[in-house]
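As structure tokens, the structure follows; a few thoughts come after it.
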Amino acid sequence: MNAEEIATDDSVVTDMADAVPATTGQDRGFVAEDIVFDASDLSVYYGDFRAVRDVNMLIQRKEITALIGPSGCGKSTVLRSFNRMNDLIPTARVEGNLLYRGVDLYDPRVDPVEVRRRIGMVFQKPNPFPKSIYDNVAYGPRVAGRKKGLDDVVESSLKKAALWDEVKDRLQESAIGMSGGQQQRLSIARAIASDPEVLLMDEPCSALDPIATARIEELMAELKDEYTILIVTHNMQQAARVSDRTAFFSVEVDETSDRRTGLLVEYTTTEKLFSNPDDERTENYITGRFG
Ligand SMILES: Nc1ncnc2c1ncn2[C@@H]1O[C@H](COP(=O)(O)OP(=O)(O)O)[C@@H](O)[C@H]1O
Ligand SMILES: [Mg+2]
-15 MNAEEIATDD SVVTDMADAV PATTGQDRGF VAEDIVFDAS DLSVYYGDFR AVRDVNMLIQ
45 RKEITALIGP SGCGKSTVLR SFNRMNDLIP TARVEGNLLY RGVDLYDPRV DPVEVRRRIG
105 MVFQKPNPFP KSIYDNVAYG PRVAGRKKGL DDVVESSLKK AALWDEVKDR LQESAIGMSG
165 GQQQRLSIAR AIASDPEVLL MDEPCSALDP IATARIEELM AELKDEYTIL IVTHNMQQAA
225 RVSDRTAFFS VEVDETSDRR TGLLVEYTTT EKLFSNPDDE RTENYITGRF G
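Going by our numbering, the first residue of the sequence shown is number -15, and it counts up by one from there.
In structure tokens, the structure reads:
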């Protein structure tokens, strides 16, 4: 469907599912009908500063795609561009193309609020509202105007986030009293409650202990049956454990301006990236020769 139709059609998201992706990528093991995102020559700027460039990625449905690389290489910036969260930063803008289900995500007529409902986000630090567990999960559906069936949405979201058994007897208690790992699963339940297709996770385990981290990793493996997941992680072992494909980003320093720009160096299956990468910079990073 074209942008004109998007502008006039309330059911744009349903229709997006029928759109044909621009690139097929069969040669890299992608199934054309199942390409959720198609980023080509994407750069993200903050004002004049190009924070990251050369983002060429197809994202396959119901896979886990990991973004790794040194601090400052633009992982969070790229992740936020995938659900227009960068729109909330006044200086941020994208160049290049980013298709979601074949539709230009940055077409001015695409509604960013609907985009963020379809493409949910989980942050590094769990950020529950100072409200009850129930109200945290019900928040998104309520904002969207839903009144009926909230109990069912809350229960099924908490079940999918592997949290139901721990909280079912205290749904009216404050979410603030939960452990960090529980709060992070609550953040996932909250995203799930809005019925997204994609979950973006920005270092979701970096504030958690190893046991809580393992639970989130197990949960991600379960969620993959239903959702497409992109995860930023600074933990290479985590990327290797949980993801199907991995994108390695690096940083280049411009000698005259001393500006650092992130770039996508290599994007392939996780198995290949960690065992037999094509690019020497990837090799150096995964073997610890470069931080
Ligand atoms: N809101 C912002 N305004 C200006 N520059 C930013 C902003 N957020 C990030 N940057 C810059 O963009 C680059 C990439 O940052 P980021 O995406 O946070 O990297 P990573 O997540 O890989 O550590 C860095 O140079 C950072 O300083
Ligand atoms: Mg980051």
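Positions of the beta carbon are idealized from the N, C-alpha and C atoms, including for glycine.
Coil, strand or helix - residue i by DSSP
i, result
"Tyr251", "strand"
"Asp44", "Looking at the sequence itself, residue 44 is Gln, so the reference to Asp does not match. Looking at Gln44 - three-state DSSP - the assignment turns out to be strand."
"Pro5", "Legend: pLDDT at Pro5 = 48, less than 50; position of this residue unreliable, no value from coordinates given."
"Asp22", "strand"
"Val94", "coil"
"Gly13", "coil"
"Phe258", "helix"
"Tyr211", "coil"
"Ser227", "coil"
"Glu236", "strand"
"Thr301", "A question about residue 301 goes unanswered here, because the residues of the chain that appear run from -15 up to 275."
"Ala191", "coil"
"Leu82", "strand"
"Thr271", "coil"
"Thr245", "strand"
"Asp149", "helix"
Which residues DSSP lists as bridging residue i, in chain order
i, result
"Gln104", "The identity of residue 104 in the sequence shown is Gly, whereas the question assumes Gln. Answer by DSSP bridge pairing, in chain order: Leu183."
"Arg77", "Tyr29"
"Ser116", "Ser158"
"Val62", "None; Val62 has no bridge partner."
"Val39", "Leu26"
"Arg34", "Tyr29"
"Val87", "Tyr84"
Residue i and residue j closer than 8 Å at C-beta
i, j, result
"Ala177", "Val138", "yes"
"Ser227", "Ile48", "yes"
"Gly56", "Arg244", "yes"
"Leu203", "Ile160", "no"
"Leu170", "Pro110", "yes"
"Phe233", "Leu72", "no"
"Ser163", "Gly80", "no"
"Glu210", "Arg102", "no"
"Glu201", "Arg229", "no"
Expected contact under 8 Å - CB spacing of residue i and residue j to nearest Å
i, j, result
"Ser60", "Asp186", "5 Å"
"Arg45", "Asp18", "4 Å"
"Gly58", "Val28", "7 Å"
"Lys144", "Leu207", "7 Å"
"Leu183", "Ile213", "5 Å"
"Val97", "Arg174", "The Cβ separation is near 16 Å, so there is no contact."
"Val319", "Val39", "Outside the displayed range of the chain (-15 to 275) lies residue 319, so it cannot be described from this structure."
"Phe66", "Leu42", "So it is not a contact: roughly 12 Å between Cβ atoms."
_For ligand 4, residues whose Cβ lies under 7 Å from any non-hydrogen atom_ = Looking for ligand 4 in the displayed structure turns up nothing; the ligands present are ligand 1 and ligand 2.
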